[in-house]
Amino acid sequence: MRPNLSSIYLTLLVALLCQLLPWSGAALTIRPDFVLLVLLYWLLRAPHLCNIGTAWFAGLVIDLATGGLFGQSALAYALTAFFALSYQRRLTLFNIWQQAAYVFALLVFNQVTLLILKMFAGGESPGWGYFYPCISGIMLWLAVIFTRLGIQGHTDQD
Amino acid sequence: MPRPLEPQHSPAFFVRGPSPFARLIFFAAVSLTLMATDSRLHYLVEVRQGFTALLHPLQVLANAPSDFIHDTNEYLTAHSTLLKQNSRLTEQALLQSAELQRFRALEQENEHLRNLLGAARNSQQNARLGEILHIGRDPFTHRVVINLGSRHEIAAGQAVIDADGVIGQVTRVYPFTSEVTLITDRELSVPIQVERNSLRAIAFGHGRDTMLDLPYLPANVDIRKGDRLVTSGIDGVYPMGLAVAEVIKVERNPNSPFAHIVCKPLAGIENHKQVLLLDMPKPEPVVIQKKNSAPAAAAAPAKKAPAVKKPTAPE
Numbered sequence: 000m001r002p003n004l005s006s007i008y009l010t011l012l013v014a015l016l017c018q019l020l021p022w023s024g025a026a027l028t029i030r031p032d033f034v035l036l037v038l039l040y041w042l043l044r045a046p047h048l049c050n051i052g053t054a055w056f057a058g059l060v061i062d063l064a065t066g067g068l069f070g071q072s073a074l075a076y077a078l079t080a081f082f083a084l085s086y087q088r089r090l091t092l093f094n095i096w097q098q099a100a101y102v103f104a105l106l107v108f109n110q111v112t113l114l115i116l117k118m119f120a121g122g123e124s125p126g127w128g129y130f131y132p133c134i135s136g137i138m139l140w141l142a143v144i145f146t147r148l149g150i151q152g153h154t155d156q157d
Numbered sequence: 000m001p002r003p004l005e006p007q008h009s010p011a012f013f014v015r016g017p018s019p020f021a022r023l024i025f026f027a028a029v030s031l032t033l034m035a036t037d038s039r040l041h042y043l044v045e046v047r048q049g050f051t052a053l054l055h056p057l058q059v060l061a062n063a064p065s066d067f068i069h070d071t072n073e074y075l076t077a078h079s080t081l082l083k084q085n086s087r088l089t090e091q092a093l094l095q096s097a098e099l100q101r102f103r104a105l106e107q108e109n110e111h112l113r114n115l116l117g118a119a120r121n122s123q124q125n126a127r128l129g130e131i132l133h134i135g136r137d138p139f140t141h142r143v144v145i146n147l148g149s150r151h152e153i154a155a156g157q158a159v160i161d162a163d164g165v166i167g168q169v170t171r172v173y174p175f176t177s178e179v180t181l182i183t184d185r186e187l188s189v190p191i192q193v194e195r196n197s198l199r200a201i202a203f204g205h206g207r208d209t210m211l212d213l214p215y216l217p218a219n220v221d222i223r224k225g226d227r228l229v230t231s232g233i234d235g236v237y238p239m240g241l242a243v244a245e246v247i248k249v250e251r252n253p254n255s256p257f258a259h260i261v262c263k264p265l266a267g268i269e270n271h272k273q274v275l276l277l278d279m280p281k282p283e284p285v286v287i288q289k290k291n292s293a294p295a296a297a298a299a300p301a302k303k304a305p306a307v308k309k310p311t312a313p314e
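As structure tokens, this is what we get:
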């Protein structure tokens, strides 16, 4: 997909819709963070169009949709986006597996940040099931990458 | 006199705007401010309501596929299933109408006796039928979203029940939807009494699983496995006598002064889609009950217990 603003916002909207689907039970605990995955994809692919501000706004929308504390996902997304951007130049030289490992680390980092923020707000430690979305998320990432949408493609970048 | 050299700024090779770190600092500051405002000052309620109304179409769109599947399934229900269900429901209605007749007589008698005593009359508590739209987005909070909101005159603090017992309480109201915190959430507490011996206590959500705790009861407390817990009605939110939970485990550890009592909620949150929202009780001053005020309300000694209030048939 060509990186332009409309495709970025369109994919973010679709990801938000996926997030808002009525998940329940086991599916809810393994639901990947669609919005964060799409954000990471665009952050690594087109940092001049999708930046920390985009991630922050997406997090704010997530906070509204989930009814969580206003700004907690926004902060977590902004932090994750910062770390994604700080290695973005080098990452385009990596191969698929190295990229996936880095994305996985970012997903875990996002969950940990959220967890810390929730603990500050008075939450309870949720157990290891809290990290299942990272695993399902990286699987989804690999699935997308292997369908030739890879971020290191110079051919379609103009 | 030679002028000192002015620092030379080399022009940026790539035009990337402010540095990522500057952006991060800015957005982190904004979100920390928002979080503090939201959690401590509660200024953002209206903002949140407005934006949730904007998100409502998206919500409807996201729910559309599952609603469609549900409707199709309903439409294609087999004839025999419908017949079976019909006969079962008719039987149930008969049984319940018999009970209702008895209940009416008892209610009149109760009112009469109350009149004789000069006690305060309790007005009827109306109820509305709502539908659970979805379970909360966050798997680690015990919340559900229902399809009634401030447009339908729902207010925060209303009790929510189903056919088997108490589900929870409305904690956040949006224009078209509202958020119900379940009794299993660790921030919600329900004043209860044991049906067998009218012992009063407060049940707290467990948070991690779908159980309730009865903390701070002495080790020799008269509670047994299998006891039914009903609402005591002294908090002004839940009417008296609604089923809440059943005791499934009582542990008396000699090392601890308190008994460890675990209860299982009776209401089937996972099973039903329809719930009843009880109106706030009228005669008492209306208390908008926030999450942590239930223990305070329940700790006050109950001078009079409100009589059983009848939820009228939903429209």
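Chains as they are written, first to last, in numbering that gives the first Met the number 0: chain A, 0 to 157; chain B, 0 to 314.
For every residue, glycine included, the Cβ atom is placed at its ideal position computed from N, Cα and C.
Query: Every unbroken alpha helix (DSSP H) within the region 6-82 of chain B, with a cutoff of 4 residues, ordered by chain; Result: 19-35 and 44-74
Query: Contiguous alpha helix (DSSP H) assignments of at least 4 residues, all confined to the region 7-51 of chain A; Result: 25-28 and 33-44
Query: Enclosing alpha helix (DSSP H) for residue 81 (chain A) [first to last residue]; Result: 71-85
Query: Paired residues, beta bridge with residue 108 (chain B) - DSSP; Result: None; residue 108 (chain B) has no bridge partner.
Query: Any chain B beta carbon closer than 9 Å to residue 127 (chain A); Result: no
Query: Exposure of residue 40 (chain A), with buried meaning 16 or more beta-carbon neighbours within 10 Å; Result: buried
Query: For residue 203 (chain B), the nearest candidate out of B:195, B:196, B:197 and B:215 (CA to CA); Result: B:215
Query: Sequence-distant residues of the same chain with beta carbon closer than 6 Å to residue 206 (chain B), five excluded per side; Result: 185
Query: Reduced DSSP category for residue 192 (chain B) - H, G, I as helix; E, B as strand; rest coil; Result: strand
Query: Residue 117 (chain A) to residue 224 (chain B) span [Cα, whole Å]; Result: 35 Å
Query: DSSP-derived helix/strand/coil call for residue 128 (chain A); Result: helix
Query: Best match in B:66, B:240 and B:37 for proximity to residue 62 (chain A) [C-alpha to C-alpha]; Result: B:37
Query: Unbroken alpha helix (DSSP H) run spanning residue 266 (chain B), endpoints; Result: First-last for residue 266 (chain B): undefined, no H or E at that position.
Query: Chain B contact for residue 71 (chain A) (CB, 9 Å cutoff); Result: yes
Query: Status (buried if at least 16 other CB within 10 Å, exposed otherwise) for residue 81 (chain B); Result: exposed
Query: Residue 157 (chain B): first and last residue of the uninterrupted alpha helix (DSSP H) it sits in; Result: No alpha helix (DSSP H) contains residue 157 (chain B), which DSSP labels as neither H nor E.
Query: Nonlocal neighbours in the same chain, by C-beta distance under 8 Å from residue 137 (chain A), ignoring five residues either side; Result: 99, 102, 103 and 106
Query: Local Cβ density within 10 Å of residue 146 (chain A), reported as buried at 16 or more and exposed below that; Result: exposed
Query: Where residue 167 (chain B) sits in the DSSP three-state scheme; Result: strand
Query: Near-chain A residues of the region 62-81 of chain B - C-beta to any C-beta below 7 Å; Result: 62 and 65
Query: Residue 85 (chain A), buried or exposed, once every other Cβ within 10 Å from all chains shown has been counted against 16; Result: exposed
Query: Where residue 188 (chain B) meets chain A, residues with beta-carbon distance less than 7 Å; Result: The premise fails here: residue 188 (chain B) is roughly 15 Å from chain A at the closest Cβ pair, so nothing lies under 7 Å.
Query: Pair within 9 Å by beta-carbon distance, residue 23 (chain B) and residue 19 (chain A); Result: no
Query: First and last residue of the uninterrupted beta strand (DSSP E) at residue 181 (chain B); Result: 177-181
Query: Test: residue 51 (chain B) CB closer than 9 Å to a CB of chain A; Result: yes
Query: Residue-chain proximity (residue 166 (chain B), chain A), Cβ-Cβ < 9 Å; Result: no
Query: DSSP-derived helix/strand/coil call for residue 248 (chain B); Result: strand
Query: Start-to-end residues for the beta strand (DSSP E) that takes in residue 230 (chain B); Result: 227-230
Query: Member of A:69, A:23 and A:56 whose CA lies at the smallest distance from the CA of residue 42 (chain B); Result: A:69
Query: N-terminal and C-terminal residue of the beta strand (DSSP E) that residue 220 (chain B) is part of; Result: No beta strand (DSSP E) contains residue 220 (chain B), which DSSP labels as neither H nor E.
Query: Interface flag, residue 26 (chain B) vs chain A, CB-CB below 9 Å; Result: yes
Query: Any chain A beta carbon closer than 9 Å to residue 273 (chain B); Result: no
Query: Residue 139 (chain A) and residue 2 (chain A) closer than 9 Å at C-beta; Result: no
Query: Whether residue 49 (chain A) touches residue 59 (chain A) by CB criterion (9 Å); Result: no
Query: Sequence-distant residues of the same chain with beta carbon closer than 8 Å to residue 174 (chain B), five excluded per side; Result: 48, 51, 52, 55, 148, 149 and 150
Query: The region 80-102 of chain A: positions lying closer than 7 Å to chain B by Cβ; Result: 81, 84 and 85
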